[in-house]
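Residue numbers (the numbering used here): 6 to 70. Ideal placement from N, C-alpha and C gives every residue a C-beta, glycine not left out.
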């Protein structure tokens, strides 16, 4: 659908129809930037129980058993 400038409603009207400036800006930003990327942030798996036991205590430095 191609709208010529004469066919488009004024910006003020489009913002009001969208629910306000924040909603209008958010809608247009998502169109431009795409949706938020949500997912696992760490690619390394968590340490196993044996690996955690080999680590030193953060307070005293002794192995945690």
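> What's the gap between the Cα of residue 68 and the Cα of residue 45?
Replying inline: As a working note, residue 68 is residue 63 in the chain shown. As a working note, residue 45 is residue 40 in the chain shown. Rounded to the nearest angstrom, the two C-alpha atoms are 30 Å apart.
> I think residue 38 touches residue 29, with their Cβ atoms under 8 Å apart; what is that distance to the nearest whole Å?
Replying inline: Mapped onto the chain shown, residue 38 falls at position 33. Mapped onto the chain shown, residue 29 falls at position 24. Not really, about 15 Å apart at Cβ, beyond 8 Å.
>> Contact defined as beta carbons within less than 8 Å: I believe residue 26 pairs with residue 20. What is the distance between those atoms, to the nearest angstrom?
In response: Looking up residue 26 in the chain shown gives position 21. Looking up residue 20 in the chain shown gives position 15. With 8 Å as the limit, residue 26 and residue 20 qualify as a contact, their Cβ atoms being about 6 Å apart.
>> Which residue marks the beginning of the alpha helix (DSSP H) containing residue 54, and which one marks its end?
In response: By 1-based counting over the chain shown, the position of residue 54 is 49. Per DSSP, residue 54 is one residue of the alpha helix (DSSP H) stretching across 54–59.
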